[in-house]
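Q: Residue numbering for the sequence shown follows my numbering, starting at 531 and increasing by one per position. Don't be surprised by glycine CBs; every beta carbon is placed ideally from N, CA and C.
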Amino acid sequence: MSFSTLGLHAELLAVVDTLGYQTPTPIQQAAIPEVLAGHDVMAGAQTGTGKTAAFALPLIQRHLVRAASEKAIRVLVLTPTRELAQQVHQSFVKYSQGLGLNSVVAYGGASINPQIDALNEGCDVLVATPGRLLELATKQLIDLSTVETLVLDEADRMLDMGFIVDIERILKRLPEAHQTLFFSATFNDDVFALSKNILKQPKLIEVAERNATAAKIEQRFYEVDNKRKAGLVAYLIGSKNWHQVLIFTRTKQAVDELATELEKDGISAAAVHGDKSQGARDRGLEEFKTGKVRALVATDVAARGLDIDQLQYVINYELPYNAEDYIHRIGRTGRAGQAGLAVSLVSHKEKYLLQDVEKLTGEHFVLQWMEGFEPNLMAQEESNNARRKPSKKSQRAKALGQGGSNKGKAGRQRRH
Ligand code: AMP
Numbered sequence: 531m532s533f534s535t536l537g538l539h540a541e542l543l544a545v546v547d548t549l550g551y552q553t554p555t556p557i558q559q560a561a562i563p564e565v566l567a568g569h570d571v572m573a574g575a576q577t578g579t580g581k582t583a584a585f586a587l588p589l590i591q592r593h594l595v596r597a598a599s600e601k602a603i604r605v606l607v608l609t610p611t612r613e614l615a616q617q618v619h620q621s622f623v624k625y626s627q628g629l630g631l632n633s634v635v636a637y638g639g640a641s642i643n644p645q646i647d648a649l650n651e652g653c654d655v656l657v658a659t660p661g662r663l664l665e666l667a668t669k670q671l672i673d674l675s676t677v678e679t680l681v682l683d684e685a686d687r688m689l690d691m692g693f694i695v696d697i698e699r700i701l702k703r704l705p706e707a708h709q710t711l712f713f714s715a716t717f718n719d720d721v722f723a724l725s726k727n728i729l730k731q732p733k734l735i736e737v738a739e740r741n742a743t744a745a746k747i748e749q750r751f752y753e754v755d756n757k758r759k760a761g762l763v764a765y766l767i768g769s770k771n772w773h774q775v776l777i778f779t780r781t782k783q784a785v786d787e788l789a790t791e792l793e794k795d796g797i798s799a800a801a802v803h804g805d806k807s808q809g810a811r812d813r814g815l816e817e818f819k820t821g822k823v824r825a826l827v828a829t830d831v832a833a834r835g836l837d838i839d840q841l842q843y844v845i846n847y848e849l850p851y852n853a854e855d856y857i858h859r860i861g862r863t864g865r866a867g868q869a870g871l872a873v874s875l876v877s878h879k880e881k882y883l884l885q886d887v888e889k890l891t892g893e894h895f896v897l898q899w900m901e902g903f904e905p906n907l908m909a910q911e912e913s914n915n916a917r918r919k920p921s922k923k924s925q926r927a928k929a930l931g932q933g934g935s936n937k938g939k940a941g942r943q944r945r946h
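#1: If you follow the beta strand (DSSP E) that K947 is in, where does it begin and where does it stop?
#2: Measuring straight from C-alpha to C-alpha, what distance separates L841 and A825?
#3: Pick helix, strand or coil for S913, following the three-state DSSP scheme.
#4: Hey, how far is the Cα of R687 from the Cα of G628?
#5: Report the rounded CA-to-CA distance for L504 versus E613, giving the unit in angstroms.
#6: Over what stretch of residues does the beta strand (DSSP E) that includes M572 continue unbroken?
#7: Quick one: residues in its chain with C-beta nearer than 7 Å to the C-beta of L907, no 5 flanking neighbours on either side, listed in chain order?
#8: Roughly how many angstroms separate the alpha carbons of G814 and S874, rounded to a whole number?
#9: Would you tell me roughly how many angstroms separate the C-alpha atoms of A742 and A583, rounded to the nearest one?
#10: Taking only the alpha-carbon atoms, compute the straight-line gap between T659 and E888 and give it to the nearest angstrom.
#11: Take P610 as the anchor and find which of D696, Q731 and Q774 has the nearest alpha-carbon.
#12: Reducing DSSP to helix, strand and coil, say where R687 ends up.
#13: For a test of your reading of the model: does the CB of Y551 fall under 7 Å from any non-hydrogen atom of the ligand AMP? Yes or no.
#14: Do the segment 616 to 627 and the segment 642 to 649 meet, that is, are 3 or more Cβ pairs less than 8 Å apart?
#15: Cβ of P554 within 7 Å of any heavy atom in the ligand AMP?
#16: Nearer than 7 Å: is that true of the beta carbon of Q558 relative to any heavy atom of the ligand AMP?
#17: Using 8 Å as the Cβ pair cut-off and three pairs as the minimum, do the segment 599 to 609 and the segment 665 to 681 touch?
#18: By Cβ distance below 7 Å, which residues in the same chain neighbour D855 in space, the five residues on each side in sequence not counted?
#19: Got a sec: does the ligand AMP put a non-hydrogen atom nearer than 7 Å to the Cβ of G578?
#20: Please classify L549 as buried or exposed, where buried requires at least 16 other C-beta atoms within 10 Å of its C-beta.
#21: Looking at A575: is its Cβ nearer than 8 Å to the Cβ of I557?
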């Protein structure tokens, strides 16, 4: 299968050739003809599958005809984060080089004025996060009535981040007839409900099994006590001489702490999370990409949309509360068919989170021990006993006949 069989014009084929893409990825093979034909599309595809080119290439072709003479927003791409917005915008710029199509990116947390200036210079493709887009629309700085194609990229993440109301408000500003392309790495009831509302007779494209982890990624799980995790991360990176390692933690605090610990162990690390300024985040990413720092430590939200070619190693310093985040995290490695390694550090108390991951992926994982970092089983046993041993309070409640279960209250901490 080559790109020339998908219906792309010579100009686009030349671009693809210049970029060195030889074979279209499965999502590109399936989506490009459908997008060119003007159909709505609902695609299950995660980052690293080549999904951006799967919608950008055919959209550039469809909207190229009028681009030079008639500047109006014809393609609107919504993304959950500014990092993904930047990445998608850069892809549009890359894929439409020399073709006279203008892409503009707009996201919150950065000054609005340069974005307005860029819009005023003429915009065919607008890539934006929902909040900033609404701000521009309500201030009447943009006209969305000319939009012909709406792309929802990482729709599951947008819903996770609570953008549903913003999305609904944006939809009201679009013309009745428009093409909608819906991309999501995972599917749950909320994602289906949104897709049902906004798609018309969509072509369904599923390139990997639903919620399946990307192929070619070796997944390794080490059982290790919490207080030894930082040491194990430093040991893995140092002893195996890993470079460009992306490390996920659950909290911003853990990001900073781990980055500091790694630096102490002589491993250069950049920290990226939502409390950092956009400049600091961009700088961290740049240093990581250019190899100036070996490790990038990030929260799930901050890491969304980071486009780093040939990322080989991902470490889950802690397993995420939301098992779907695990799939997103390890999707950062093994990109576009390259092999990758995802290592997860699992403390005794996190084992239930591993079960959640197993349930979602349908895979069974074996917990390993790393020599020198074996878990302290005595301490685990003590903590199990402490949990099993009824407290004086519950013994008294039982004696008084009030021994009801408290399970609901003590249930797992989930994000939704
Ligand atoms: P995406 O899933 O859109 O984030 O793309 C992941 C990476 O794959 C990007 O760095 C693209 O430049 C690259 N890529 C996209 N399509 C192809 C292709 N057909 N062949 C090789 N690399 C590709």
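A: Well, looking at it:
#1: Here the chain comprises residues numbered 531 to 946, so residue 947 is not present and cannot be evaluated.
#2: If you number the sequence shown from 1, residue 841 lands on position 311. If you number the sequence shown from 1, residue 825 lands on position 295. If I take the Cα positions, the gap works out to 11 Å.
#3: One-based indexing of the sequence shown puts residue 913 at position 383. Of the three classes helix, strand and coil, the one that applies to S913 here is helix, per DSSP.
#4: In the sequence shown, counting from the first residue as 1, residue 687 sits at position 157. In the sequence shown, counting from the first residue as 1, residue 628 sits at position 98. For R687 and G628, the distance between alpha carbons rounds to 33 Å.
#5: This structure gives no information on residue 504, because the portion of the chain shown stretches from 531 to 946.
#6: Taking the first residue of the sequence shown as position 1, residue 572 is located at position 42. Looking at the DSSP string, the run of the beta strand (DSSP E) that includes M572 is V571 to G574.
#7: Here the question's residue 907 lines up with position 377 in the sequence shown. Closer than 7 Å at Cβ, skipping near neighbours: no residue.
#8: Taking the first residue of the sequence shown as position 1, residue 814 is located at position 284. Taking the first residue of the sequence shown as position 1, residue 874 is located at position 344. If I take the Cα positions, the gap works out to 23 Å.
#9: For this step, residue 742 is matched to residue 212 along the sequence shown. For this step, residue 583 is matched to residue 53 along the sequence shown. Model confidence at A742 stands at a pLDDT of 46, short of 50, so the residue's coordinates are unreliable and nothing is read from them.
#10: Numbered from its first residue, the sequence shown carries residue 659 at position 129. Numbered from its first residue, the sequence shown carries residue 888 at position 358. Taking the straight line from one Cα to the other gives about 32 Å.
#11: Working through the sequence shown from its first residue, we reach residue 610 at position 80. P610 has its Cα closest to that of D696, out of D696, Q731 and Q774.
#12: What you label residue 687 is simply residue 157 of the sequence shown in a count that begins at 1. R687 sits in a helix when the DSSP states are folded into three classes.
#13: Within the sequence shown, residue 551 is the residue found at index 21, counting from 1. Yes, since a heavy atom of the ligand AMP falls inside the 7 Å radius drawn around the Cβ of Y551.
#14: no
#15: Numbered from its first residue, the sequence shown carries residue 554 at position 24. It does: the Cβ of P554 is within 7 Å (strictly closer) of some heavy atom of the ligand AMP.
#16: Numbered from its first residue, the sequence shown carries residue 558 at position 28. Within the cutoff, so yes.
#17: yes
#18: Mapped onto the sequence shown, residue 855 falls at position 325. Answer for D855: D830, listed in chain order.
#19: Residue 578 sits at position 48 when you count from the first residue of the sequence shown. For the ligand AMP, at least one heavy atom lies less than 7 Å from the Cβ of G578.
#20: Translated into positions along the sequence shown, residue 549 becomes position 19. L549 should be labelled exposed.
#21: Numbered from 1 along the sequence shown, position 45 holds the residue referred to as residue 575. Numbered from 1 along the sequence shown, position 27 holds the residue referred to as residue 557. The answer is yes: Cβ separation under 8 Å.
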